[in-house]
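Top line first, the protein sequences correspond to chains A and B. When the letters of the first sequence are read in order and numbered with my numbering, they come out as residues 23 to 465. When the letters of the second sequence are read in order and numbered with my numbering, they come out as residues 23 to 465. Here a beta-carbon is modelled for each residue, glycine too, at the ideal position from N, C-alpha and C. Keep in mind that this is a model prediction, so the values were computed, not measured. Step one of this worksheet: look at the structure below.
2 protein chains.
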Amino acid sequence: MEVAMKKVIVVGMGFGGVRVVNGLSGKGLDVTVLDRRNFHLFQPLLYQVATAMIDQDSVAYSIRAILRKRKDVRFLMSSVQSIDLTNKRVLTIDGPLDYDYLVLAAGSVTNFFGLDSVQQHAFDLKQLNDAVSLRNHILSVYERAAKETDTKVREALMTFVVVGGGPTGVEFAGSLSELTHHVLTKDFPELHTEKSRIIMLEAMDRLLAPFPPELQQYTLHKLQKMGVEVRLNTAVVGATPDSVQLKDGSEIASHTLFWAAGVKAAPLADALPVEKTRGGRVPVEAELSLKDHPEVFVIGDMAYREQDGVALPGVAQVAMQGGDYVAKAIIARERGQQIAPFRYFNKGSMAVIGRHSAVANTLGGLKLKGFLAWLAWLGLHLFYLIGFRNRVVTLLNWAYEYFRYNRQVRLITSEPPLQEGPPVQENAPPDEAETAEKLRLVG
Amino acid sequence: MEVAMKKVIVVGMGFGGVRVVNGLSGKGLDVTVLDRRNFHLFQPLLYQVATAMIDQDSVAYSIRAILRKRKDVRFLMSSVQSIDLTNKRVLTIDGPLDYDYLVLAAGSVTNFFGLDSVQQHAFDLKQLNDAVSLRNHILSVYERAAKETDTKVREALMTFVVVGGGPTGVEFAGSLSELTHHVLTKDFPELHTEKSRIIMLEAMDRLLAPFPPELQQYTLHKLQKMGVEVRLNTAVVGATPDSVQLKDGSEIASHTLFWAAGVKAAPLADALPVEKTRGGRVPVEAELSLKDHPEVFVIGDMAYREQDGVALPGVAQVAMQGGDYVAKAIIARERGQQIAPFRYFNKGSMAVIGRHSAVANTLGGLKLKGFLAWLAWLGLHLFYLIGFRNRVVTLLNWAYEYFRYNRQVRLITSEPPLQEGPPVQENAPPDEAETAEKLRLVG
């Protein structure tokens, strides 16, 4: 009689989930992958989608394409509703699934720290559609500014507030600065685009907190040189559609608030009946598993684990190494073998600031900045982008932008509905003289 | 004293509008371009976006990028509410604009011929987001089919109905057939994808009505060989989310109805206080202008004009030649010169059916079919795609698909919202035994 294969469920196909599946496939296990989306997302480049540099399809890759050669892995596009640890069962919106091993790798969502008005009005960058919405918005406020005669409103439309001086905030601010100064200036000759402002707000006293002071300083000066107004020790407490409220009681008139001030574990963590730690993360043991349930693993941004007294950071490297480790741990258990506790090996971190400018803090303490760091960033990101075609298309976009100071993808894809039937004015007709002045176009 | 420049307003930056602006720029006129979108759309390739062959950004090109070198042309992203022919004034949602010459080139929308249930449930392909929605839907019904155990429902999810045997219907059906047979078959090993059906319904007794019978026959046989069930003399009268009702009283179980059975003039035509003709089109005189208002031109799909007793077709060539002509007509008038009436020169038409297979009816009566016609199609479309980068990226996608029988862009980008907070079940919990059976995954 055939022995039933052990069932492994992997929830989430981000950087961690992909590694788990790669490690488990072909090992005599029955692997089911769950994801709400049908694609893997290369999150570190979302800011480039938001700033019209690369197209959205360059950062997304079909999960079924990734799994195509893995005949022992099944994909289910679904969402998890709850997890029954006792009966080893996951309840999805499509019904229950039993498991012998469960790997949770659903990543993180933006943390607005309970600031409801900010959550309501701010843009963030966690999902593909976030990036497209932000791109549409940035281009739309420029189109609105081009039609606006009230100087104050026009300047508020051209003012962008970036909250959070971590890698995402720095990379977005740098890329946005280049978009406005090199591209939109030429696209909107009717606007005084030098009035465009990018204001970066950071609650701490420095940018890129985990980087060495030398690279923090370089980043600050480079951003300032690119026209970004950096305000350290500045906290945001609220927002409206056209303003950002600061803790000191002052206000910035702006129609665009980009929030990159923190993340918390994906809501999937709430489906686990265990106590969470800071940011809703799930504390895990030495094997990245739950305390009383060694068959349940949590990796990446969802997990909380300290190493040498410091919490592991929420970066792709931790998720990827965690994924590799969990696959090995499951295989070892099946063979009745022991495996050493998980140890994160920090290969270094980097952030790109602009054209030929980046900072990199590599393993062994080597610090790079400027052009060399930027080249390293370029090579690494091309290497990690899944799929030949994505690499080529993305490289082509980068080259196009680099040599022509251009942005190809500056499309507003949130199309207004077509008016059907005879035009109806919902409000009273505008005062023609007033709107004529407003448009500066009637002769 | 300086003489005020004559004001020209061009509404719509499709194939016609772009040509008008190209012809008028640099001629001492004050040109304002209005469009609801900020991009020019290469509509003939929308079906390839819908079938995951090329990315959406390959068929759209920033209007401000097109206009960048034309300092005498202004762009206004806006919509027209009404037109005051007497006072030569256009009322936009952003206020009124005066003109000396007005060119209306807003194209067409899908004609559902008053079939409300069809309009509600069918997909069409006129706007960029239509193509993305259709792509998301095609991939989503497959994902749903992969989770469905009811054979009838599963087969209905994998059945696609294409209404209209014109070029759009033929090209979409051919491309969809290749997507399902070469790509989705491999992506969904758990599905019997041979059960997937594509049914083409055409109310007339032949496909590609304006083509010579020889090419119509070739197209019919080629589609049938590709697995498309073609039903001629078949009309649709209604639809629900999971069925299509035919005139003979029968019904097809299908979750996807694609409608390419006709177009009508864009709603902008309703803003013109003149009598319309078939399909809401605006009758124009020999100079493509309104009868009593020679300063108002209508071109492309919005206009109705007969030549040698036959109505000009709603194709890109007519719009482009009309645009060139109107620019010349306006310049001639300004110089007090006469211009000969507009004459459309038919350079030929083509439709691609599948890999190395197309039909082309060229000027001089030369008929091409098969590989040679396909090569001609490839060259022409690359030539007409605006912008170097779009050409390269599109070619790359085509080459990738051609050599690897693959589709890169098979992403479902309509993401479900993240559940926030503890999971809440809106309905009663599903019967576990039933859903377990439904999923075929619980052991």
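When you compare the CB of residue i with every CB in chain B, is at least one pair closer than 8 Å?
| i | result |
| --- | --- |
| A/Ala-127 | no |
| A/Leu-433 | yes |
| A/Leu-404 | no |
| A/Asn-151 | yes |
| A/Arg-59 | yes |
| A/Glu-165 | yes |
| A/Met-35 | no |
| A/Asp-79 | yes |
| A/Gly-443 | Caution applies to A/Gly-443, whose pLDDT of 36 falls short of 50 and renders its modelled position unreliable; the value that the coordinates give is listed next. With 8 Å as the cut-off, A/Gly-443 counts as an interface residue toward chain B. |
| A/Ala-82 | yes |
| A/Lys-169 | yes |
| A/Asp-116 | yes |
Closest Cβ-Cβ distance between residue i and chain A: below 8 Å?
| i | result |
| --- | --- |
| B/Leu-156 | no |
| B/Ser-379 | no |
| B/Arg-96 | yes |
| B/Leu-400 | no |
| B/Arg-355 | no |
| B/Leu-124 | no |
| B/Met-75 | no |
| B/Met-324 | no |
| B/Leu-161 | yes |
How many Å lie between residue i and residue j at the Cα?
| i | j | result |
| --- | --- | --- |
| A/Val-30 | B/Ile-434 | 25 Å |
| B/Ala-382 | B/Phe-233 | 8 Å |
| B/Ala-349 | A/Ile-76 | 35 Å |
| B/Met-372 | B/Thr-384 | 8 Å |
| A/Gly-38 | A/Ser-379 | 29 Å |
| B/Arg-59 | B/Ala-82 | 10 Å |
| A/Pro-444 | B/Pro-295 | For A/Pro-444, the predicted model reports a pLDDT of 35, less than 50, meaning its position is unreliable; a value from the coordinates is still stated below. One C-alpha to the other measures close to 11 Å. |
| B/Asp-209 | A/Tyr-121 | 24 Å |
| A/Leu-56 | A/Gln-103 | 12 Å |
| A/Glu-442 | B/Ala-293 | Residue confidence for A/Glu-442 is low, a pLDDT of 39 falling below 50, so the modelled location carries little weight and cannot support an answer. |
| B/Val-42 | A/Ser-436 | 26 Å |
| B/Val-33 | B/Ser-84 | 16 Å |
| A/Val-163 | B/Lys-93 | 22 Å |
| B/Val-95 | B/Asp-52 | 7 Å |
| A/Ala-225 | A/Leu-254 | 6 Å |
| A/Thr-132 | A/Lys-286 | 6 Å |
| B/Asn-44 | B/Asp-346 | 8 Å |
| B/Lys-298 | A/Val-185 | 54 Å |
Report the neighbours of residue i on chain B: residues whose CB is nearer than 8 Å to its CB, in chain order.
| i | result |
| --- | --- |
| A/Asp-146 | What A/Asp-146 touches in chain B: nothing, since even the nearest Cβ is about 12 Å away. |
So which of the options has the shortest CA-CA distance to residue i?
| i | options | result |
| --- | --- | --- |
| A/Ala-288 | A/Val-320, A/Ile-274, A/Glu-273, A/Ala-275 | A/Val-320 |
| B/Val-337 | B/Leu-394, B/Arg-228, B/Lys-369, B/Glu-356 | B/Lys-369 |
| A/Gly-301 | A/Gly-344, A/Leu-290, A/Ala-178, A/Ser-311 | A/Leu-290 |
| A/Leu-137 | A/Val-259, A/Phe-194, A/Met-180, A/His-204 | A/Val-259 |
| B/Ala-325 | B/Pro-305, B/Val-318, B/Gln-343, B/Gln-267 | B/Pro-305 |
| B/Val-374 | B/Phe-97, B/Leu-198, B/Gly-36 | B/Leu-198 |
| B/Gly-249 | B/Asp-116, B/Gly-376, B/Leu-418 | B/Gly-376 |
| B/Val-175 | B/Pro-316, B/Pro-118, B/Ile-274 | B/Ile-274 |
| B/Leu-268 | B/Ser-139, B/Asp-116, B/Leu-407 | B/Ser-139 |
Against residue i, what residues of chain A qualify as contacts under a CB-to-CB distance less than 7 Å, listed in chain order?
| i | result |
| --- | --- |
| B/Leu-415 | One detail in the question is off: residue 415 of chain B reads as Val in this sequence, not Leu. Val-415, Leu-418, listed in chain order. |
| B/Met-99 | Glu-165 |
Which chain A residues sit within Cβ distance under 8 Å of residue i?
| i | result |
| --- | --- |
| B/Arg-86 | Asp-209, Phe-210, Arg-432 |
| B/Met-180 | Ordered by position in chain A, no residue passes the 8 Å Cβ test against B/Met-180, which lies about 15 Å from the chain. |
Where does residue i sit, in a helix, a strand or coil, going by DSSP?
| i | result |
| --- | --- |
| B/Ile-8 | The first residue shown for chain B is 23 and the last is 465, placing residue 8 of chain B beyond what the model contains. |
| A/Arg-111 | strand |
| A/Gln-103 | strand |
| B/Arg-377 | coil |
| A/Glu-200 | helix |
| B/Gln-149 | coil |
| B/Ala-87 | helix |
| B/Met-27 | coil |
| A/Phe-61 | strand |
| B/Asp-52 | strand |
Output, in chain order, the set of chain B residues within a Cβ distance shorter than 9 Å of residue i.
| i | result |
| --- | --- |
| A/Arg-90 | Lys-208, Asp-209, Pro-211 |
Taking Cβ positions only, does residue i come closer than 8 Å to chain E?
| i | result |
| --- | --- |
| A/Lys-217 | Here chain E cannot be found, since the structure's protein chains are A and B. |
Which bits of chain B does residue i rub up against, with CB to CB less than 7 Å?
| i | result |
| --- | --- |
| A/Leu-68 | Under the 7 Å cutoff, chain B gives no residues; its nearest Cβ is about 13 Å from A/Leu-68. |
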